[in-house]
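Beneath this line is the structure, given in structure tokens, with notes to follow.
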Amino acid sequence: MAPASIAAYEAAIMRITITKGQADDGIAGIRDDGSRFATRFPKKGPLPHDAVHLFVEQELGLRGAFWGMVAGGYHPEEIAAIAHAAGHASASRAQVPQAHIVELLQAERIVECFEADLWSGGKGDPALLIAVAATACADSFVPLPTFGPADVAAVRDQIRGFSARWLPAAPGHGETIEWREGD
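Take 168 as the starting number for the sequence shown in my numbering and just add one per residue.
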């Protein structure tokens, strides 16, 4: 599938369900055009990585990142290959990425910071989280998107609310979240 324009991502609305599993979790969704997607992904920590993506991307308005690309028609499993082909900066092949994956890389770096923050209780200095995110983005050759302490607090609040429901839940529990334009 060819990269969609950022405008296509901005217009997308979808409903996403993340389902807790034993060894892995599932995501399934329906886009505003009625098309559907579903996949499984391994556990990386106490919360699903893709849920943290959703909170970060919604709060920071990163419409061209993972969930915006899924809303625009990509299957979640396609996105890693797209990033790799477009110059995803990694330790072994650091390079300036193509423009259509800049927000994807920004989101990934910031999500990693919030996951580390989660492991430390989610109460650290917001300025430190932002500084670490700035370094991570620079190492991936992308600018840090504008965000401040209020945005950090908003993402943390979403993570806390999700955690309160997710962590005590048994396998099979599902959380449904809407991805909406302008959120």
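Ideal Cβ placement from N, Cα and C applies to all residues, glycine included.
Open item on the list: For a quick check, are the C-beta atoms of Ala248 and Pro264 less than 9 Å apart?
Closed with: Reading the sequence shown from its first residue, position 81 is the one you call residue 248. Reading the sequence shown from its first residue, position 97 is the one you call residue 264. No, the pair does not count as a contact, with Cβ atoms beyond the cut-off.
Open item on the list: Spatial neighbours of Leu334 within its chain, please: C-beta separation below 7 Å, excluding the five flanking residues on both sides.
Closed with: Residue numbering aside, residue 334 sits at position 167 when the sequence shown is read from its first letter. Closer than 7 Å at the Cβ level, and outside the excluded window around Leu334, lie Pro213.
TODO: Measure the C-alpha to C-alpha separation of His216 and Ser202 and round it to an integer number of angstroms.
DONE: Here residue 216 is taken as the residue at index 49 of the sequence shown, counted from 1. Here residue 202 is taken as the residue at index 35 of the sequence shown, counted from 1. If you take the alpha carbons of His216 and Ser202, they lie about 23 Å apart.
Open item on the list: Is it buried or exposed, Pro312, if we count other Cβ atoms within 10 angstroms and call 16 or more buried?
Closed with: Within the sequence shown, the letter at position 145 stands for residue 312. Around the beta carbon of Pro312, 16 or more other beta carbons lie within 10 angstroms, which makes this residue buried.
- [ ] On a CA-only basis, which of Arg230, Phe204, Thr186 and Ser330 is nearest Tyr241? Give me that one, please.
- [x] Along the sequence shown, one-based indexing puts residue 241 at 74. Tyr241 has its Cα closest to that of Phe204, out of Arg230, Phe204, Thr186 and Ser330.
- [ ] Determine the direct distance from the alpha carbon of Asp318 to that of Leu227, and round the result to whole angstroms.
- [x] The sequence position of residue 227 within the sequence shown is 60, counting from 1. The sequence position of residue 318 within the sequence shown is 151, counting from 1. Approximately 7 Å between the Cα atoms of the pair.
Open item on the list: Let me make sure I understand the geometry here. Which of Glu279, Ala250, Ser287 and Glu275 has the alpha-carbon closest to that of His267?
Closed with: Stepping through the sequence shown from its first residue, residue 267 is reached at position 100. Ranking Glu279, Ala250, Ser287 and Glu275 by Cα distance to His267 puts Ala250 first.
TODO: Spell out the partners DSSP gives Glu428 in its beta bridges.
DONE: Within the shown structure, residues of the chain are numbered from 168 to 350, placing residue 428 beyond reach of any answer.
Open item on the list: Just to check my reading of the structure: Gln273 and Leu229 have Cβ atoms closer than 8 Å, yes? What is that Cβ distance to the nearest angstrom?
Closed with: For the purposes of this step, residue 273 is taken as residue 106 along the sequence shown, with counting starting at 1. For the purposes of this step, residue 229 is taken as residue 62 along the sequence shown, with counting starting at 1. So it is a contact: roughly 6 Å between Cβ atoms.
TODO: Report, in whole angstroms, the separation of the C-beta atoms of Arg116 and Ala320, which I expect to be a contact under 8 Å.
DONE: Nothing about residue 116 can be read from this structure; the chain reaches only from 168 to 350.
Task: Residues that Arg198 bridges to, as DSSP identifies them - done: The residue labelled residue 198 in the question sits at position 31 within the sequence shown. According to DSSP, which records beta bridges pairwise, Arg198 is partnered with Met181.
Open item on the list: Less than 9 Å between the C-beta atoms of His340 and Arg327, yes or no?
Closed with: By one-based count along the sequence shown, residue 340 stands at place 173. By one-based count along the sequence shown, residue 327 stands at place 160. The Cβ-Cβ distance between His340 and Arg327 does not fall below 9 Å.
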